[in-house]
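Quick note: the sequence shown, position 225, residue 225 per the working numbering, numbers continuous.
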Amino acid sequence: TRAERSLEFGVDIKSPGFNIYAAGIPGTGRTSMIVERLREEAAKRPVPDDWCYVHNFDDNHRPRALRLPSGTAPIFSSQMDDVVETLVHEIPRAFETDEYRDRRDHITQSVQNNQRKAFHELEQQASAVSFGLIQSPTGLTVAPITDGKPMSPAALNAMSAAEREQLEATSNELEGEVTRTTRWLRTQEREARGAITTLDRDVARSIARPLLDDLRDHYAELPPVVAHVDAIEQHVIQNYGRFLESGKPDKSSQRPRPAGDPLLPYRINVLVTHTPPTGAPLVRDGHPTHPRLFGQIETRSEFGVTVTDFTMIRPGTLHRANGGYLVLEIEDVLQMQLSYEALKRALRDQIIRIGSAADDMGLQSMARLDPEPIPLDVKVALVGPPDVYAMLYEHDPDFGELFKVLAE
């Protein structure tokens, strides 16, 4: 009865630090008792939210964590896959329309007309003073003309000093005009390229915005999701060429996609999802290694180089138990000293930080990602002998602060 009252006390208090230590010798029903009690409580609690990781368009190495209502993360992922597939088909089609070609040709022809007109005026101006335009390896230049051909060195030497001085002055004046005209034409070409880029982005926007507006409307009450959709739109508009080069994407988001996949930033990695109305999760872990508890960032080798991306982030037991209850055997936890220290830190800070054991040891990690931490709301129940509780309570100050409920 006393143990039951302690369990009730620990389960009912929602404040941090009121985790439970169920003490008893093996065979007394300690584990089955606490699991049954927590299962009853979990069934009454609300279903926790889903979590997923998405590409961070501001920092590729720090994936963002998005919270969505329970059961909706897979839907969001599927919706984004549908949007990407539509963009892959519709953006190239939009760039093949007669309207687009006409608008692009108008910009190009306008620049070409300006070039022809400018060069014609230069030729007339040079011809009026017996000069001609010459295309040299260093660019456009001018030279005196005699009988339709550049003046020979002998003819130049035969001229008087005054005539050569006048010729040089005329040449310098024309060279200046050529330089000014060339600069102006380069400005025209740069503006034309900008106009074509603006046109291309407008075309991409006209395809992407209606599709993404549907998502914005659907998730209007979730500002972080809307902000991510906004970032996707800007990235699509700035990088429309990815859709011109891509074939039909593979919708199998479960398989690791190559690091070079140009459409990877638009994928959604569903980390954990819950289906209503199942209540809060109750999870037992009999082998609480660091990767099993906190998740891990998988890697793969491509041409001898270790690579990873946000779609290779995998959840741990804490992610699956988040919003509910986690039952662990204290002997199993203490055998994994790294897991024990990391678990205490997670309960104290109330966040789950995904990383490798090497990160916690201060060593170089092969996974070059730093995912955004996820808020932790879990009630942990450690099951173990009374003497282990006494030892931890006496020698580990953190233990007493984090496991304030003893159910003997």
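For glycine and all other residues, C-beta sits at the position ideal for the given N, C-alpha and C.
Residues of the same chain with a CB within less than 7 Å of the CB of L402, apart from the 5 flanking positions on each side, are G17, N19, K344, L347 and R348 in chain order. Residue pairing of K149 in beta bridges, as defined by DSSP: T146. The DSSP-derived three-state label of E173 is helix. In the assembly as shown, A154 is an exposed residue. Its beta-carbon has fewer than 16 other beta-carbons within 10 Å.
M80 counts as buried, since no fewer than 16 other beta carbons sit within 10 angstroms of its beta carbon. A Cβ-Cβ distance of about 7 Å is found for the pair A192 and T108, placing them in contact under the 8 Å criterion. In the three-state reduction of the DSSP assignment, Q296 falls in the strand class.
For T311, the closest C-alpha among the options V229, L369, S32 and V383 is that of L369. Check the Cα spacing between N239 and each of L222, L87, V142 and A42: the tightest is with L87. DSSP places A158 outside any beta strand (DSSP E), giving it a letter other than H or E. Contact annotation: the stretch 329-340 does not touch the stretch 39-59, with fewer than three C-beta pairs closer than 8 Å.
In the three-state scheme derived from DSSP, where H, G and I count as helix and E and B as strand, I91 is classed as helix.
Its Cα nearest to that of T72, the residue L222 stands out among I34, L222 and Q296. The criterion of a C-beta distance shorter than 8 Å is not satisfied by S78 and V405. Look at K379 here: in three-state DSSP terms it is strand.
Sequence-distant Cβ neighbours of E233 in its own chain, meaning closer than 7 Å and more than five residues away, are A208, R209 and L212. DSSP assignment within the stretch 73-143 yields the following whole alpha helix (DSSP H) runs of 4 residues or more, N-terminal first: 73-94 and 98-127. Contact check for Y53 and P63: beta-carbon distance about 5 Å, within the 8 Å limit, so the pair qualifies. Look at A204 here: in three-state DSSP terms it is helix.
G384 sits buried, since 16 or more C-beta atoms from the chains shown fall within 10 Å of its C-beta.
Secondary structure note for D50: it is in no alpha helix (DSSP H), and the uninterrupted beta strand (DSSP E) holding it is D50 to V54. At a Cβ-Cβ threshold of 8 Å, V35 and V236 do not count as neighbours.
Contact between G323 and D377 holds, with the beta-carbon distance rounding to 6 Å and staying under 8 Å.
In this model, A342 and H290 are separated by some 8 Å (Cα to Cα). Secondary structure note for D387: its alpha helix (DSSP H) is the uninterrupted segment P386 to H395. Exposure of V305 is indicated by the presence of fewer than 16 other C-beta atoms within 10 angstroms of its C-beta. Note: D285 is bridge-paired with L328 in the DSSP secondary-structure output. In the DSSP assignment, Y340 falls within the unbroken alpha helix (DSSP H) covering Q337 to D349. Beta-bridge annotation (DSSP): E302 is paired with V305. If you look at V225, you'll find it in the alpha helix (DSSP H) that goes P223 to Q238. If you draw a straight line from the Cα of G176 to the Cα of A195, it comes to about 28 Å.
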